[in-house]
Amino acid sequence: GAVVSQHPSRVICKSGTSVKIECRSLDFQATTMFWYRQFPKKSLMLMATSNEGSKATYEQGVEKDKFLINHASLTLSTLTVTSAHPEDSSFYICSARVSGSTDTQYFGPGTRLTVL
Amino acid sequence: EDQVTQSPEALRLQEGESSSLNCSYTVSGLRGLFWYRQDPGKGPEFLFTLYSAGEEKEKERLKATLTKKESFLHITAPKPEDSATYLCAVRGVTGGYNKLIFGAGTRLAVHP
Numbered sequence: 029g030a031v032v033s034q035h036p037s038r039v040i041c042k043s044g045t046s047v048k049i050e051c052r053s054l055d056f057q058a059t060t061m062f063w064y065r066q067f068p069k070k071s072l073m074l075m076a077t078s079n080e081g082s083k084a085t086y087e088q089g090v091e092k093d094k095f096l097i098n099h100a101s102l103t104l105s106t107l108t109v110t111s112a113h114p115e116d117s118s119f120y121i122c123s124a125r126v127s128g129s130t131d132t133q134y135f136g137p138g139t140r141l142t143v144l
Numbered sequence: 517e518d519q520v521t522q523s524p525e526a527l528r529l530q531e532g533e534s535s536s537l538n539c540s541y542t543v544s545g546l547r548g549l550f551w552y553r554q555d556p557g558k559g560p561e562f563l564f565t566l567y568s569a570g571e572e573k574e575k576e577r578l579k580a581t582l583t584k585k586e587s588f589l590h591i592t593a594p595k596p597e598d599s600a601t602y603l604c605a606v607r608g609v610t611g612g613y614n615k616l617i618f619g620a621g622t623r624l625a626v627h628p
C-alpha cells in the first residue's frame with residue numbers, strides 16, 4: 029500500500045520550454061501532496077505543499093510563477109516548470125500523505141529534468 | 517531554526533559488520549522523526565517514524581532509536597542489498613505542520 033507514481037521518470041527539454049510532471053497516489057487518497065527538489069548528494073528541499081482544491085503553499089525563495097502546481101483531484105498533483113532554464117535541471121520528487129493521517133509522507137520515484 | 521545533521525557522510529562496511537548511523541537534530545517541538553532509505557535515482561522509501569525519546573522501532577536488520585537530541589539507525593549484520601543512502605527528517609511545530617526538514621543523508625556501502 030501507499031504507492032506514489034511520477035511521470036515522466038526522465039525528461040530532457042530545450043531552454044525556454046515548459047515541462048509538466050505528474051504525481052499520482054495509486055492506492056490511497058491524498059489531500060496533501062508535496063514537491064521536493066534534490067541536488068546531487070544533497071538533502072531534499074521542500075518546494076511547495078499542494079492541497080486538493082486550493083492554491084499551493086510555496087516555500088520561501090521558490091518562484092510560484094515558475095513552478096506551477098495544480099492539485100485537481102485526491103490522487104493527482106502536477107508540477108509545471110515554465111520557461112525552463114539549465115539551472116532548473118534537477119531531480120524533482122513528489123510525496124503524498126494519506127488523507128486523514130497526520131504523519132508519514134510516501135514518496136514517488138522522482139523525475140530527472142535536464143534542460144539544455 | 518530547525519536543523520538536521522547526519523553522520524557520517526559516507527560509511528563502508530563489510531558484509532556482517534554491524535554499525536550505527538547518527539542523526540542529530542534541533543527542532544522546536546518535535547512532532548516526529550522519520551527515517552527513509554533512498555536508492556540511486558529513486559525516491560525515498562519510508563522506514564520508521566519515532567515520536568518520543570526512548571522509543572525504538574525495528575525492521576529486519578534495522579533498528580531506530582530516539583533521544584531528545586539525536587536518533588540512531590543501527591544496522592545489524594548488514595548485507596550488500598542494504599547499500600543505499602539513509603535519510604533522516606524531522607517535523608516540528610514551526611514552518612507548518614506538514615514540513616519535513618531533511619538531513620543530507622549517510623551513503624552506506626556494504627561489500628561482500
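Protein chains in written order, with the numbering used here: chain A, 29 to 144; chain B, 517 to 628.
Every residue gets a Cβ at the ideal spot worked out from N, C-alpha and C, and that includes glycine.
Chain B contact residues for residue i, given Cβ-Cβ distances below 7 angstroms
| i | result |
| --- | --- |
| Asp131(A) | Gly548 and Thr565 |
Check: residue i C-beta below 7 angstroms from any heavy atom of the ligand PLP
| i | result |
| --- | --- |
| Asp518(B) | This structure does not include the ligand PLP; it has no bound ligands of any sort. |
CB contact flag (residue i, residue j, <8 angstroms)
| i | j | result |
| --- | --- | --- |
| Pro68(A) | Thr139(A) | no |
| Tyr541(B) | Val606(B) | yes |
| Ser53(A) | Glu80(A) | no |
| Val47(A) | Val109(A) | yes |
| Arg577(B) | Pro556(B) | no |
| Ala76(A) | Ile97(A) | yes |
| Thr601(B) | Glu525(B) | no |
| Ile121(A) | Tyr86(A) | no |
| Ser43(A) | Val143(A) | yes |
| Asn614(B) | Thr45(A) | no |
Chain-ordered neighbours of residue i on chain B, where CB pairs are closer than 9 angstroms
| i | result |
| --- | --- |
| Phe62(A) | Asn614, Lys615 and Leu616 |
| Gly81(A) | In chain order: nothing, as chain B lies at least about 16 angstroms away. |
| Thr59(A) | The contacting residues do not exist; Thr59(A) stays about 11 angstroms from chain B at best. |
Partners in chain A for residue i, counting only beta-carbon separations shorter than 7 angstroms
| i | result |
| --- | --- |
| Arg608(B) | Before going on, a small fix: residue 608(B) reads as Gly here, not Arg. None at all; the shortest Cβ gap to chain A is about 13 angstroms. |
Integer Cβ distance of residue i from residue j, believed to fall under 8 angstroms
| i | j | result |
| --- | --- | --- |
| Gly136(A) | Ser33(A) | 6 angstroms |
| Lys575(B) | Leu589(B) | Not really, about 10 angstroms apart at Cβ, beyond 8 angstroms. |
| Leu527(B) | Leu603(B) | Not quite, the Cβ-Cβ distance comes to about 14 angstroms (not below 8 angstroms), so this is no contact. |
| Cys51(A) | Ala112(A) | About 18 angstroms separates the two Cβ atoms, so there is no contact after all. |
| Gln522(B) | Cys539(B) | 5 angstroms |
| Leu549(B) | Ser587(B) | 5 angstroms |
| Ser534(B) | Ile591(B) | 6 angstroms |
| Ser118(A) | Gln133(A) | Actually they are not in contact, since the Cβ atoms of Ser118(A) and Gln133(A) sit about 19 angstroms apart, beyond 8 angstroms. |
| Thr103(A) | Gln66(A) | The pair is not a contact, with the Cβ atoms about 23 angstroms apart (cut-off 8 angstroms). |
| Val626(B) | Leu529(B) | 5 angstroms |
| Arg572(B) | Lys579(B) | One point to set straight first is that residue 572(B) is Glu, not Arg, in the sequence displayed. Contact flag correct, Cβ pair sits at about 6 angstroms. |
Contact set between residue i and chain A, taken where Cβ atoms lie within less than 9 angstroms
| i | result |
| --- | --- |
| Phe562(B) | Ala30, Thr132, Gln133, Tyr134 and Phe135 |
| Ala620(B) | Lys69, Lys70 and Ser71 |
Per-residue contacts from residue i into chain A (C-beta, under 8 angstroms)
| i | result |
| --- | --- |
| Gly570(B) | By Cβ distance, chain A contributes nothing, its closest Cβ being about 19 angstroms from Gly570(B), past 8 angstroms. |
| Lys558(B) | Pro137 and Gly138 |
Proximal residues of chain E, C-beta to C-beta of residue i below 7 angstroms
| i | result |
| --- | --- |
| Ile121(A) | Among the protein chains in the structure shown, which are A and B, there is no chain E. |
Beta-carbon neighbours of residue i, restricted to chain B and to distances below 8 angstroms
| i | result |
| --- | --- |
| Thr45(A) | Chain B residues near Thr45(A): none, gap ~23 angstroms exceeds 8 angstroms. |
| Leu74(A) | Lys615 and Leu616 |
For this session: With 9 angstroms as the C-beta to C-beta threshold (strictly closer), list the residues of the region 534-548 of chain B near chain A in chain order.
Result: Arg547 and Gly548
Exercise. For the region 85-99 of chain A, which residues have a beta carbon sitting closer than 9 angstroms to at least one beta carbon of chain B?
Worked result: Per Cβ criterion, the list reads Thr85 and Glu87.
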